[in-house]
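Everything on this sheet refers to the single structure shown next.
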Amino acid sequence: MSLYRIKIGGKTYEMEIELIEEGNPKKKLETPKGEEPRPAPVPEKTAEAGPNTITAPMPGNILQIMVKPGDMVAEGDVLLLLEAMKMENEVCAPKAGKVSAVFVAEGQTVAADAPLMELEA
Amino acid sequence: MWDGKYRAELERRRETAYAGGGQARIDSQHGKGKRTARERLDYLFDEGSFVEINTLMMPDRAGSDRKPVPGDGVITGYGTINGRVVYASAQDFTVQGGTLGEVHSRKICHIMDLALKMSAPYVSINDSGGARIQEGISSLNGYSGIFYRNTRASGIIPQISVILGPCAGGACYSPAITDFVFMSEQSADMFITGPEVVKTVLGESVPANELGGAAVHARKSGVAHFTYPDDLQCLDGVKRLLSYLPDNRSQRPPRVEGTAKDDSASLEEIVPDNQRRIYNIKDVIHTFIDEDSFFEVQAQFAKNIVVGFARLEGETLGIVANNPQGGMAGSLDIDSSEKAARFVRFCDCFNIPILTLVDVPGFMPGTKQEHGGIIRRGAKLLYAYAEATVPKVTLILRKAYGGAYIAMNSKGMGADMVFAWPIAQTAVMGADGAVNIMYGKQIKASADPDAERSRLVKAYEDEYMTPYIAAERGFIDEVILPEETGAKIKAAFAALRNKNRTAAGYREHGNIPL
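Quick note, the sequences are listed as chains A and Z, same order.
Counting from 0, one number per residue, gives the positions in the first sequence under numbering that gives the first Met the number 0.
Counting from 0, one number per residue, gives the positions in the second sequence under numbering that gives the first Met the number 0.
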């Protein structure tokens, strides 16, 4: 979200502009042929992740997903296992809440900071 | 008998000082769940032991009609904490918002000078609106006097900052230079530029606590070493921390008798021999240290490394340990390297022996780390270990690969004693990576590349992924069984107790890669 100040006919207005979609041809090229684009867009930057988004702490491979959308979780519950650095790393819930979306699938490779899940407070 | 007027005059002046900013402002402070500066000091020090000095200091009001400023917004003095002398200052938010004027800074500088001269710890309680703008450049000069003293006293006496209210702008740099920062989750904020400036300059709206509250500094920035829900719990934390520390660099930490224990027999259950499985290193720490003696530092920041104080049969010990369960696969990255390096240097300043527990797959790869400067920032950890002359014992539990093996207080970096378990793996890298590099062509040329790779990986693991090559070379002093761990570590520190610590020598100071 960016804040702009514009002047029209001597009057100053403050305007907040949010970028909803960015044309990124490079990203489209990365999608392998024949594979359906994933239903949920997976942005590559944290900047696009909201406050309720659980992101990948490091690059790795999704080994196992322990929850599904609609599940209630407590703080510290293991949400998924991320295989990285030859270790089965736990990604835990930073707070209690409801899993509202899961953006990744088991076996998928993710970059650092890639959104994994959405957790509603 | 003296004429009663002398007594009356002193009492009048004392009353003015003790009234601070007046009952309304004191009530307002209490209304926010905060204590006043004097209440905080009374709580921190042993009952009735706090002695205030310079109570009557005030700005010069000659030729002006300005009202008196009691104590100039700060209370300074000394007393005992658990029987040991400590010097302290506490900013009084009820007096001009605790803003720092010239006299205010002179009081703080004076108490710091005393602390340094008497080689006693210094505690600074911060609750201040910042520079007193009316006093202009004199106020800024006041800050520099404090920062200068913080720096000159660094490594000679322990310095502890307690943030129990706002601490904004340049004021943040005193806590930043001191050894430990405590923050109250209820009232503390720290930032160089506040939300107003951030909004004006960048157009970014962010509430104060999201910009620089206790949670942010505990988890993201690493500025806060300890956070607690409120004033009094923060001060309890300060008392606990001081119990692990000596008064100054020339002394050993005090002995505190506790309940020694040794549950090393349970270590085999805690640490899986499947190297892909994670576990919590704190469970390992708790098996052999004195009961309830672990006091973790920066517990919520860079959790892939655990640092903290503990006691081994009554003696303070600093522990640095990779935590496979702490995220980032327990690898070393920028944050964990800096966190551990600063802790190692603190221990080395104050005669605190260091135990290093190693289970590390390597330095974290990737552009984020490389571009963030993992080379120069990871170097701090190597530098800190090599520089430290306190007794240093290392236990390699499982993985110790590559540069991270070197960095985690390896023999070559000056460890006095290195132990390893039979499941330890000391190598340049994991088997998969090594085999791909060494036998890439051979695997490609083979009829069944997958089978060939598996065979080579197995052979490499059996040959190299053990502690025995390092033990044969003397890089590991002894391979020990898990149940022997507690006894071996205790015996090692006992044997190293009188280590001859040679001074840094004739250079000004080393040039740590900052």
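In this text, a Cβ means the ideal position worked out from N, Cα and C, and glycines have one as well.
If you're wondering where the values come from, they're calculated on a predicted model, not measured in any experiment.
Glycine 307 of chain Z and glycine 317 of chain Z have their C-alpha atoms spaced approximately 6 Å apart.
Annotation: Cβ neighbours of glutamate 89 of chain A in chain Z (cutoff 9 Å, chain order): Ile277, Gln324, Gly326. For glutamate 337 of chain Z, the secondary structure class from DSSP, reduced to helix, strand or coil, is helix. The C-beta of serine 453 of chain Z comes no closer than 8 Å to any C-beta of chain A. At a cut-off of 8 Å between C-beta atoms, methionine 57 of chain A counts as an interface residue with respect to chain Z.
Here aspartate 229 of chain Z is near glycine 32 of chain Z, since their CB atoms are less than 8 Å apart. By the beta-carbon neighbour count (other beta carbons within 10 angstroms, threshold 16), asparagine 303 of chain Z is buried. Rounded to whole angstroms, the separation of the alpha carbons of glutamine 324 of chain Z and glycine 96 of chain Z is 44 Å. Contact between the region 380–389 of chain Z and the region 344–364 of chain Z is present: 3 or more CB-CB pairs across the two stretches fall below 8 Å.
In the displayed model, isoleucine 479 of chain Z falls within coil according to three-state DSSP, outside both helix and strand. In this chain, the alpha helix (DSSP H) harbouring methionine 437 of chain Z covers 430–437. The beta carbons of phenylalanine 102 of chain A and proline 114 of chain A sit closer together than 8 Å. Between serine 336 of chain Z and glycine 377 of chain Z, the CB-CB gap stays under 8 Å.
Taking one beta carbon from each stretch, the region 245–260 of chain Z and the region 207–224 of chain Z have fewer than 3 pairs nearer than 8 Å; the two do not touch. Residue burial is scored here from C-beta neighbours: asparagine 499 of chain Z has fewer than 16 other C-beta atoms within 10 angstroms and is therefore classed as exposed. Non-local beta-carbon contacts of valine 478 of chain Z in its own chain, meaning distances under 8 Å to residues more than five positions away in sequence, involve Phe418, Ala419, Trp420, Pro421, Ala423, Pro466, Tyr467, Ala470 in chain order. Between proline 360 of chain Z and serine 330 of chain Z, the CB-CB gap stays under 8 Å. Closest by C-alpha distance to methionine 416 of chain Z, out of Z/Asn350, Z/Tyr459, Z/Thr425, Z/Ala491, is Z/Ala491. Taking a 10 Å sphere around the C-beta of serine 138 of chain Z, we find 16 or more other C-beta atoms and assign the residue as buried. In terms of beta-carbon proximity, alanine 83 of chain A lines the interface with chain Z, with at least one pair separated by less than 8 Å. Note on geometry: alpha-carbon atoms of histidine 29 of chain Z and glutamine 297 of chain Z lie some 29 Å from one another. Taking CB atoms only, alanine 113 of chain A has no neighbour in chain Z less than 8 Å away. Listed by position along chain A, the residues whose Cβ is nearer than 8 Å to that of proline 360 of chain Z are Met84, Lys85, Met86.
When Cβ-Cβ separations below 8 Å define contact, leucine 2 of chain A makes contact with chain Z.
Boundaries for valine 270 of chain Z: no beta strand (DSSP E) harbours it, and the DSSP string shows neither H nor E there. With a threshold of 8 Å between beta carbons, methionine 111 of chain Z makes no contact with chain A.
Around the beta carbon of alanine 73 of chain A, fewer than 16 other beta carbons sit within 10 angstroms, so the residue counts as exposed. Listed by position along chain A, the residues whose Cβ is nearer than 8 Å to that of serine 335 of chain Z form an empty set, because the closest Cβ is around 12 Å away. In this structure, aspartate 262 of chain Z and alanine 301 of chain Z do not form a Cβ contact; the two beta carbons are roughly 27 Å apart against a cut-off of 8 Å. Lysine 367 of chain Z reaches chain A at Ala111, counting residues in chain order whose Cβ is nearer than 7 Å. Leaving aside the five residues that flank serine 292 of chain Z on each side, the residues in its chain whose CB is nearer than 7 Å to its CB run, in chain order, Gly257, Ala309, Arg310. DSSP places isoleucine 107 of chain Z in no beta strand (DSSP E) but in the uninterrupted alpha helix (DSSP H) bounded by 101–116.
Interface flag for glycine 236 of chain Z against chain A is unset, since no Cβ pair is found closer than 8 Å. Using beta-carbon distances, methionine 363 of chain Z counts as an interface residue toward chain A, with a partner under 8 Å. Of all residues in the region 26–39 of chain Z, none is placed with a Cβ closer than 9 Å to any Cβ belonging to chain A.
Secondary structure note for phenylalanine 287 of chain Z: its alpha helix (DSSP H) is the uninterrupted segment 280–287.
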